[in-house]
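Engineer:
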Amino acid sequence: MIYHFLVPLSAQIGALNVFRYITFRSIYALLTALVITIVLGPMMMRWLQKVKCGQYIQDEVGEMHKCKAGTPTMGGLLLGFGVLVSTLLWADLTNIYVWLTMLVFAGFGLVGFVDDYTKIKGKQNKGISPKAKLFGQLLVAGTAVGLLIMQPAYSTELAVPFFKNFTPDLGWLYLPFALLVMIGASNGVNLTDGLDGLAIGPSITSATCYAFFIYIAGHIGMANYLNVPHVPGVGEVTVFCGALVGAGLGFLWYNAFPAQIFMGDVGSLSIGGVLGFVAVLCKQELLLIIVGGVFVFETISVIMQVSYFKVSGGKRIFRMAPLHHHFEHKGVPESKIVIRFWIISILMALMALSTLKIR
Ligand code: 57M
Numbered sequence: 261m262i263y264h265f266l267v268p269l270s271a272q273i274g275a276l277n278v279f280r281y282i283t284f285r286s287i288y289a290l291l292t293a294l295v296i297t298i299v300l301g302p303m304m305m306r307w308l309q310k311v312k313c314g315q316y317i318q319d320e321v322g323e324m325h326k327c328k329a330g331t332p333t334m335g336g337l338l339l340g341f342g343v344l345v346s347t348l349l350w351a352d353l354t355n356i357y358v359w360l361t362m363l364v365f366a367g368f369g370l371v372g373f374v375d376d377y378t379k380i381k382g383k384q385n386k387g388i389s390p391k392a393k394l395f396g397q398l399l400v401a402g403t404a405v406g407l408l409i410m411q412p413a414y415s416t417e418l419a420v421p422f423f424k425n426f427t428p429d430l431g432w433l434y435l436p437f438a439l440l441v442m443i444g445a446s447n448g449v450n451l452t453d454g455l456d457g458l459a460i461g462p463s464i465t466s467a468t469c470y471a472f473f474i475y476i477a478g479h480i481g482m483a484n485y486l487n488v489p490h491v492p493g494v495g496e497v498t499v500f501c502g503a504l505v506g507a508g509l510g511f512l513w514y515n516a517f518p519a520q521i522f523m524g525d526v527g528s529l530s531i532g533g534v535l536g537f538v539a540v541l542c543k544q545e546l547l548l549i550i551v552g553g554v555f556v557f558e559t560i561s562v563i564m565q566v567s568y569f570k571v572s573g574g575k576r577i578f579r580m581a582p583l584h585h586h587f588e589h590k591g592v593p594e595s596k597i598v599i600r601f602w603i604i605s606i607l608m609a610l611m612a613l614s615t616l617k618i619r
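The sequence shown finishes on residue 619 if you use the numbering used here, and the numbering steps up by one all the way, no holes.
1) I'd like to confirm something about V449: is its beta-carbon nearer than 6 Å to some heavy atom of the ligand 57M, or not?
2) Could you pull out every residue in the same chain whose Cβ sits closer than 8 Å to the Cβ of I317, ignoring the five residues on either side in sequence?
3) How long is the line joining the alpha carbons of V624 and M305, rounded to whole angstroms?
4) Considering only heavy atoms of the ligand 57M, does any lie closer than 6 Å to the CB of G396?
5) Indicate the three-state DSSP secondary structure (helix, strand or coil) for G314 in the structure shown.
6) From this set, T498, T292, G387, K386, which residue's C-alpha is nearest M362's C-alpha?
7) Which of the three DSSP states is assigned to V420 in this structure?
8) If N515 and D456 are in contact, beta carbons under 8 Å, what's the gap, nearest whole angstrom?
9) If we count Cβ pairs, one from each stretch, closer than 8 Å, do we get three or more for the stretch 293-311 versus the stretch 341-350?
10) Report the start-end ranges of each alpha helix (DSSP H) in the stretch 539-605 that is 4 residues or longer and not cut off at the edges.
11) Using the C-alpha atoms, what's the distance from P593 back to L408?
12) Please determine if the stretch 534-550 and the stretch 375-383 are in contact, where contact requires at least 3 C-beta pairs separated by less than 8 Å.
13) On the DSSP bridge assignment, give the partners of D429 in chain order.
14) Using CA atoms only, rank isn't needed, just tell me which of G493, P428, I480, V364 is closest to A445.
15) Look at the alpha carbon of G536 and the alpha carbon of G335, and state the distance between them as a whole number of angstroms.
16) Determine the DSSP secondary structure at P436, reduced to helix, strand or coil.
17) According to DSSP, is P332 helix, strand or coil?
18) Roughly how many angstroms lie between the CA atoms of A519 and T331, to the nearest whole one?
19) Is S528 closer than 7 Å to I441 when the C-beta atoms are compared?
20) Our contact map puts P582 next to V598 with C-beta atoms below 8 Å; I'd like the distance itself, whole angstroms only.
21) Going by the C-beta, is D456 closer than 6 Å to any heavy atom of the ligand 57M?
22) Tell me whether A392, by its Cβ, gets closer than 6 Å to a heavy atom of the ligand 57M.
23) On the DSSP letters alone, give me the boundaries of the alpha helix (DSSP H) that F373 sits inside.
24) Could you tell me the alpha carbon to alpha carbon distance between F213 and G454, rounded to whole angstroms?
25) Out of curiosity, what's the CA-to-CA distance linking L300 and L290?
26) Between the Cα of A234 and the Cα atoms of L610, Q411, L370, which residue gives the shortest distance?
27) Does the distance from the C-beta atom of A612 to that of V551 stay below 7 Å?
28) Under 6 Å from any heavy atom of the ligand 57M, does the C-beta of D525 make it?
29) For the alpha helix (DSSP H) that contains S463, what are its first and last residues?
30) Would DSSP call G457 helix, strand or coil?
31) Quick check: is any heavy atom of the ligand 57M less than 6 Å from the C-beta of K381?
32) Any beta carbon from chain B within less than 7 Å of F511's own beta carbon?
33) Comparing alpha-carbon positions, which option in L458, G402, L616 lies nearest V554?
34) So, at 7 Å on beta carbons, what are the nonlocal neighbours of G502 in its own chain, with the 5 sequence-adjacent residues on each side left out?
35) H490 by DSSP, collapsed to three states: which one?
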């Protein structure tokens with residue numbers, strides 16, 4: 261809205277021209293979302309406690325997490341509010357890609373909210389069934405990708421990292437592929453969200469990394485120079501990514517060890533889903549495996565643990581999956597595990613950015 265208010269005035273006041281620039285607005289979207297989440301954080305935590313949205317801790321969790329019982333959850337509402345208000349303020353709202361991105365973010369958030377709410381208000385921490393959750397995710401992702409594919413500027417070709425001339429056109433198969441990327445990312449962030457600051461750290465690095473990719477994809481000169489697919493119009497989504505980084509930092513302010521608030525499924529599903537969608541938008545879907553490497557390792561650890569448990573008749577590879585629980589059970593302090601996972605995530609994001617030059 262700031263964009264729509266100030267840019268027309270730039271004809272009279274030349275200095276306002278700066279509000280045309282995506283980079284400028286993305287930085288202010290970051291700062292706005294950061295301030296919103298930090299300022300509203302304490303109020304939100306008091307309210308969540310008042311309406312009894314405290315975390316239930318499962319019996320099998322052991323002593324390590326018992327002290328976290330009652331920590332306000334659904335902090336994703338705070339983060340989501342910061343992201344959406346900031347994007348509405350700073351983005352060009354005539355851009356369809358911005359709306360699709362907000363739709364995915366809010367839609368996945370709604371699925372997570374219903375799950376969180378059912379867990380809190382129901383018995384024994386039981387949320388909605390996995391089938392219902394998957395149905396909600398499919399509905400949101402399917403609607404957004406369906407609308408995306410209908411855009412004339414969007415192609416269903418797949419960009420393969422390291423191979424600039426190999427871009428197979430997936431045709432209608434692109435739809436299930438994109439759904440897999442988004443739902444996989446959403447569940448990956450959810451599985452990772454088990455220690456203070458563990459999910460939000462790599463989410464911030466991934467959103468920063470994709471802010472670069474989406475900006476480049478929307479800029480014809482840069483996209484051609486770097487030999488990446490050019491998708492006209494998607495550059496505006498950089499503003500959303502800026503807001504996500506800002507709100508993530510603001511949320512981390514309170515989620516850092518010892519956490520005063522957890523994000524809940526409303527946070528983890530929305531962040532993961534939207535990271536997947538931004539990867540789809542800028543046609544760097546496969547690169548998400550590197551950018552979101554921490555989420556991928558965590559998910560693979562669960563798949564390995566569950567499969568091995570089944571085939572071996574009850575044996576385990578890890579002391580407990582997802583991977584962060586394995587280290588916890590080995591006695592590594594929580595903040596050490598979290599910071600080491602952040603370091604890995606930063607390295608993976610840098611590696612992903614370096615692929616821009618290896619083609
Ligand atoms: C949600 N939720 C956290 C919080 C957060 C198949 C199986 C691997 C599934 C997995 C699972 O349920 N994962 C999804 C993980 C929970 O956090 C809440 O959930 C939201 C995210 N959805 O925002 O509201 C707990 O995590 C801790 N936490 C923090 N700080 C944070 O900032 O300390 C979360 C955020 C919170 C808090 O204690 O209560 C969770 O871990 O439950 N299941 C598991 O992860 C379980 N693993 C397991 O059973 N492994 C088995 C098999 C099935 C693979 C095995 O290895 O043999 C573990 N879950 C827990 N304890 N709580 C087991 C140990």
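Cβ atoms here follow ideal geometry from the backbone N, Cα and C, with glycine treated the same way.
Small disclaimer: the values here were computed from a predicted structure and weren't measured.
Structural biologist: With the given structure in hand:
1) Taking the first residue of the sequence shown as 1, we reach residue 449 at position 189. No; taking the cut-off as 6 Å, the Cβ of V449 has no heavy atom of the ligand 57M nearer than that.
2) Position 57 of the sequence shown holds residue 317. Excluding residues within five positions, the ones whose Cβ falls inside 8 Å are H325, K326, K328, A329.
3) No answer is possible for residue 624: it lies beyond the span of the chain, which begins at 261 and ends at 619.
4) Position 136 of the sequence shown holds residue 396. Result no, Cβ not under 6 Å from the ligand 57M.
5) Residue 314 sits at position 54 when you count from the first residue of the sequence shown. G314: strand per DSSP, three-state reduction.
6) Within the sequence shown, residue 362 is the residue found at index 102, counting from 1. Residue T498 is the option with its Cα nearest to M362.
7) Reading the sequence shown from its first residue, position 160 is the one you call residue 420. The answer is strand: DSSP assigns V420 an E or B state.
8) Translated into positions along the sequence shown, residue 515 becomes position 255. Translated into positions along the sequence shown, residue 456 becomes position 196. Contact flag correct, Cβ pair sits at about 6 Å.
9) yes
10) Segments of the alpha helix (DSSP H) lying fully in the stretch 539-605: 548-551, 553-571, 583-589.
11) Residue 408 sits at position 148 when you count from the first residue of the sequence shown. Residue 593 sits at position 333 when you count from the first residue of the sequence shown. For L408 and P593, the distance between alpha carbons rounds to 44 Å.
12) Verdict: no, contact absent.
13) As a working mapping, residue 429 is identified with position 169 in the sequence shown. Answer is E417.
14) Reading the sequence shown from its first residue, position 185 is the one you call residue 445. When only C-alpha atoms are compared, the closest one is V364.
15) Taking the sequence shown and counting its residues from 1, the one referred to as residue 536 is at position 276. Taking the sequence shown and counting its residues from 1, the one referred to as residue 335 is at position 75. Distance from the CA atom of G536 to the CA atom of G335, rounded to whole angstroms, is 21 Å.
16) In the sequence shown, counting from the first residue as 1, residue 436 sits at position 176. Note: P436 maps to helix in three-state DSSP.
17) Here residue 332 refers to the residue found at position 72 when the sequence shown is read from its first residue. If DSSP states are grouped into helix, strand and coil, P332 belongs with the strands.
18) Start at 1 with the first residue of the sequence shown, and residue 519 comes out as number 259. Start at 1 with the first residue of the sequence shown, and residue 331 comes out as number 71. One C-alpha to the other measures close to 8 Å.
19) Residue 441 sits at position 181 when you count from the first residue of the sequence shown. Residue 528 sits at position 268 when you count from the first residue of the sequence shown. The displayed chain sequence assigns Val, not Ile, to residue 441. Using a Cβ distance threshold of 7 Å, V441 and S528 do not count as a contacting pair.
20) Residue numbering aside, residue 582 sits at position 322 when the sequence shown is read from its first letter. Residue numbering aside, residue 598 sits at position 338 when the sequence shown is read from its first letter. Actually they do not touch by this definition, with Cβ atoms about 13 Å apart.
21) Indexing the sequence shown from 1 puts residue 456 at position 196. For D456, the CB falls within less than 6 Å of some heavy atom of the ligand 57M.
22) Here residue 392 refers to the residue found at position 132 when the sequence shown is read from its first residue. For the ligand 57M, not one heavy atom lies less than 6 Å from the Cβ of A392.
23) Locating residue 373 in the sequence shown gives position 113, where the first residue counts as 1. Element bounds for F373: 356-381.
24) There is simply no residue 213 to check, as the chain begins at 261 and stops at 619 in what is shown.
25) The residue labelled residue 300 in the question sits at position 40 within the sequence shown. The residue labelled residue 290 in the question sits at position 30 within the sequence shown. So the alpha carbons of these two residues sit roughly 16 Å apart.
26) Residue 234 lies beyond the range of the chain shown here (261 to 619); nothing can be said about it.
27) Working through the sequence shown from its first residue, we reach residue 612 at position 352. Working through the sequence shown from its first residue, we reach residue 551 at position 291. Yes, these two residues count as a Cβ contact at 7 Å.
28) Locating residue 525 in the sequence shown gives position 265, where the first residue counts as 1. True, at least one ligand heavy atom lies under 6 Å from that Cβ.
29) Counting from one through the sequence shown, the residue named residue 463 turns up at place 203. Where S463 is concerned, the enclosing alpha helix (DSSP H) stretches over 460-478.
30) One-based indexing of the sequence shown puts residue 457 at position 197. G457 falls in the coil class under three-state DSSP.
31) If you number the sequence shown from 1, residue 381 lands on position 121. Annotation for K381 indicates a beta carbon at 6 Å or more from all heavy atoms of the ligand 57M.
32) You won't find chain B in this structure, because it holds only one protein chain.
33) Numbered from its first residue, the sequence shown carries residue 554 at position 294. Here the closest residue by C-alpha is L458.
34) Residue 502 sits at position 242 when you count from the first residue of the sequence shown. Cβ neighbours of G502 within its own chain (closer than 7 Å, five residues either side excluded): S286, I287, A289, L290, A471.
35) Here residue 490 corresponds to residue number 230 of the sequence shown, with the count starting at 1. Here H490 sits in coil by DSSP.
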